[in-house]
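For the sequence shown, my numbering begins at 6 and goes up steadily by one. Input: a single structure, listed below in structure tokens.
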Amino acid sequence: MSELKMRTLISSTKLAERVSALGAEISRDYKGRKVILVGVLKGSFIFLSDLVRAIDLDCEIEFIGVSSYEGMHSTGQVRIQNDLSKDVEGENIILVEDIIDTGTTIDYLKKIFEVRRPQSL
6 MSELKMRTLI
16 SSTKLAERVS
26 ALGAEISRDY
36 KGRKVILVGV
46 LKGSFIFLSD
56 LVRAIDLDCE
66 IEFIGVSSYE
76 GMHSTGQVRI
86 QNDLSKDVEG
96 ENIILVEDII
106 DTGTTIDYLK
116 KIFEVRRPQS
126 L
């Protein structure tokens, strides 16, 4: 069995700088308002925890679990596996996703959240 050769594409320093910049941008854009950061499970939780520490706001964290995969293959249909624990009507929502490959999941989540009537998404 051959070993995979891996190389660093983005240094941990550059990643930390970008997370800090995103946190500052969110803090500026939502100054004086409460936000709910919704992490898409399972992939977003580490990035989300770093991002929350970089945000200087009153914020809550929620998680939503969705899947469009069976094993290693996409079914093309997204379904909610674990929903939010609270109503988000009138709230400022920031969706935090780990990776967007086809856009199917984020498009689905956008439609789901629009029906829930947040103040911003």
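In this text, a Cβ means the ideal position worked out from N, Cα and C, and glycines have one as well.
Rounding to the nearest angstrom, what Cα-Cα distance links Lys91 and Leu9 in this structure? Roughly 43 Å between the two C-alpha positions.
For the candidate residues Ile117, Cys64, Ile105, whose alpha-carbon lies nearest to that of Gly37? Of the candidates Ile117, Cys64, Ile105, the one whose C-alpha sits nearest the C-alpha of Gly37 is Cys64.
Assign Ile60 to buried or exposed, taking buried as 16 or more other Cβ atoms, counted over all protein chains shown, within 10 Å of its Cβ. The C-beta of Ile60 has 16 or more other C-beta atoms within 10 Å across all chains shown, which makes the residue buried.
Can you tell me which of the three DSSP states Ser49 falls into? Reduced to three states, the DSSP call for Ser49 is coil.
First and last residue of the uninterrupted beta strand (DSSP E) at Val101: Looking at the DSSP string, the run of the beta strand (DSSP E) that includes Val101 is 97-101.
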